[in-house]
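Chains as they are written, first to last, in our numbering: chain A, 979 to 1107; chain B, 4 to 233.
Below you can see the structure in the form of structure tokens.
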């Protein structure tokens, strides 16, 4: 979510990460969220949503979406199964929306000793090396 | 869609598919802590987890530990290895340190990390197929050989559940599987193909078919659905 916020700011576009389910005000965000939900949860409307993404955004965008959804299915699992902590700087960078969105209640939150103090990183990409 | 778009889409899909071809077969090769046959059995077991009644019941329970029973296993892998595969596949957001410690005590932390990494690679490749409505791949061919069981130098306690590289030049998620370097390489290559794509990752503005905010929105949605804290 830190990268969603930072990349939106880089484009000078509005983003509302408190309203993730509705697409966070990202262009075609509502459709992309519905596609991701359907893929992760194995819903029966995945075929229809796949076609809608391709019709509205194009075949290449559909492939990018599939690549991203599947990548994060794995990234979430490797993070959870190894019990990694939030990196230095990421705890501070994410403290505000973790509290607002209730992310600190997730089971994996217990792996991180320091919950951080709300504060934006000067260079968020420096955290994700 | 223009012809150019279609060609570009085909190129991207071809790059990903070609990468999967190589990685998939490498998953079946002999590992450092598990044989090729073990790794192929684990991949089959992970697919079986999606049909496991115990996993289904646990998913609906307030806590997975409230539901006892045996997994609908199809392999001869150790019982706690099967539990690792099934829980990582079906309910990753509710794994706990106590549970992980039990599995590690039973199969060793190196075997735990290698098995988990194999399953993560398999899950990404299978998920990509499901996302596009494509059939799942046949199981990889099991490679010959005996695991070397050599623990790498320069790993230790960095605050995670398992030992990791002590070199802090990488983010924690980037060195999550550093206890098993050969299998970790497969994982890192997969993430490069799907998401990071070299130096471009450091740019906040991407020239892809989806903008970076669109990509990160998808990432955030998946992470929220999986209740992934990281």
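Note that the Cβ used here is the ideal one computed from N, Cα and C, for glycine as well.
Among the residues of the region 218 to 231 of chain B, those with a Cβ less than 7 Å away from any Cβ of chain A are 218, 219, 220, 221, 222, 223, 224, 225, 226, 227, 228, 229, 230 and 231, in the order of the chain. Exposure of residue 157(B) is indicated by the presence of fewer than 16 other C-beta atoms within 10 angstroms of its C-beta.
Exposed is the label assigned to residue 990(A), since fewer than 16 other Cβ atoms lie within 10 Å of its Cβ.
Identification of chain B residues near residue 1030(A) by a Cβ-Cβ cut-off of 8 Å yields none; the smallest Cβ-Cβ distance measures about 13 Å. Between the alpha carbons of residue 191(B) and residue 1076(A) lies a distance of about 27 Å. Shown here, residue 1086(A) sits in a helix according to DSSP, grouped into three states. Assignment of residue 167(B) by DSSP, reduced to helix, strand and coil, places it in the strand class. Counting only residues of its own chain and dropping the five nearest sequence neighbours on each side, residue 1061(A) has a CB closer than 7 Å to the CB of 1089. Restricting attention to 1021(A), 1079(A) and 1054(A), the CA atom closest to the CA of residue 119(B) is found in 1054(A). The alpha-carbon separation between residue 49(B) and residue 189(B) amounts to approximately 18 Å.
Only residues of its own chain outside the window of five on either side were considered, and among them 113 and 182 have a CB closer than 8 Å to the CB of residue 154(B), listed in chain order.
Proximity of chain A to residue 164(B) at the Cβ level (cut-off 9 Å) is accounted for by 1059, 1060, 1061, 1062 and 1089, in chain order. For residue 1065(A), the nearest CB of chain B lies under 8 Å from its own CB, placing it at the interface with that chain. Contact of residue 85(B) with chain A is not assigned, every C-beta pair being separated by 8 Å or more. Nearest Cα to residue 141(B) within the set 92(B), 125(B) and 66(B): 125(B).
Among the residues of chain A, those whose CB is under 7 Å from the CB of residue 134(B) are 1017, 1044, 1047 and 1048, following chain order. Using a CB distance cut-off of 8 Å, residue 36(B) does not count as an interface residue toward chain A.
For residue 1034(A), the enclosing alpha helix (DSSP H) has its first and last residue at 1024 to 1035.
Counting only the Cα atoms, residue 1011(A) lies some 23 Å from residue 97(B). Around the Cβ of residue 1037(A), a 10 Å sphere holds 16 or more other Cβ atoms; the residue is buried.
Near chain A, meaning a CB-to-CB distance below 7 Å, no residue of the region 30 to 55 of chain B qualifies. Judged by their CB atoms, residue 207(B) and residue 1085(A) are not nearer to each other than the 8 Å cut-off. Counting of Cβ neighbours within 10 angstroms places residue 19(B) among the buried residues, the total reaching 16 or more. The beta-carbon of residue 216(B) is placed less than 8 Å from the nearest beta-carbon of chain A. For the pair of segments examined, the region 130 to 146 of chain B was found to touch the region 1045 to 1054 of chain A: the number of CB pairs separated by less than 8 Å reaches three. Excluding its 5 nearest sequence neighbours in each direction, residue 32(B) has C-beta neighbours in its own chain below 7 Å: 39 and 146, listed in chain order. Beyond the five residues adjoining it in sequence on each side, residue 151(B) comes within less than 6 Å, by CB distance, of 35 in the same chain, given in chain order. By the neighbour-count definition (other C-beta atoms within 10 Å, threshold 16), residue 1052(A) is a buried residue. Those residues of the region 172 to 200 of chain B placed with their C-beta closer than 8 Å to a C-beta in chain A are 172, 173, 174, 175, 176, 177, 179, 180, 190, 193, 194, 196, 197 and 198, ordered along the chain.
With its beta carbon less than 8 Å from one in chain A, residue 97(B) belongs to the interface.
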